[in-house]
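First comes the structure, then the notes that go with it.
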Amino acid sequence: MFTYIFCLASLFLVVTHAQRTDAGYQIIAVPLCTHGSDCGPRECCVGNRNSGLGECMPMGRTGKECYVQGEYAYERPEHMITNFDKCPCVPGEFCAGITKYHPLYGQIGICSFG
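Using mature numbering (1 follows the signal peptide of the UniProt record, and there is no 0), the letters of the sequence shown correspond one by one to residues -18 to -1, 1 to 96.
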């Protein structure tokens, strides 16, 4: 996957990912953010502390992988997530640990009802 950053009319940035498919490459535009409120209702802002910019990513839904050390959110986090590479579970769910570990982010879990 390739990532490109374009400055359009000096007003905003758009990140695009070129994702390889059977038919060639598919270009996907990803909205940039600095806060959770910049994203859709079931998304959070995941970013890089150094750049100050993040990408809107979907929050974890039931059965999706999550990080046990991540936030347990009753609502979407407003701050940019910089210490993990994915959003926490959707509000009202928690990350139930499984016996799988990520070398940087620790124990992996599955988004579950509480």
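By construction, the Cβ of each residue, glycine as well, lies at the ideal position given by its N, Cα and C atoms.
Original post:
Nearest-angstrom Cα distance between G29 and A5?
Top reply: The C-alpha of A5 is placed about 30 angstroms away from the C-alpha of G29.
**OP:** May I have the straight-line CA-CA distance separating L14 from C71, to the nearest angstrom?
**Re:** Linking L14 to C71 through their CA atoms gives a straight-line distance of about 20 angstroms.
Subject >> Residues sharing a beta bridge with V28, DSSP >> reply: E37 and I63
Original post:
With burial defined as no fewer than 16 other Cβ atoms inside 10 Å of the residue's Cβ, what is the status of Y83: buried or exposed?
Top reply: Y83 comes out exposed.
Original post:
Under 9 angstroms between the Cβ atoms of T58 and P23?
Top reply: The sequence given here places Arg at residue 58; Thr does not occur at that position. Pairing R58 with P23 gives a Cβ-Cβ distance under 9 angstroms.
Original post:
In terms of residue numbering, what span does the beta strand (DSSP E) encompassing S94 cover?
Top reply: For S94, the uninterrupted beta strand (DSSP E) run begins and ends at G88 to F95, by DSSP.
**OP:** Starting from the Cα of P73, find the closest Cα among H61, F66 and T44 and give me that residue.
**Re:** T44
Original post:
Which residues mark the beginning and the end of the beta strand (DSSP E) in which N77 is found?
Top reply: Note that residue 77 is Cys in the sequence shown, not Asn. Segment E75 to H84, the beta strand (DSSP E) holding C77.
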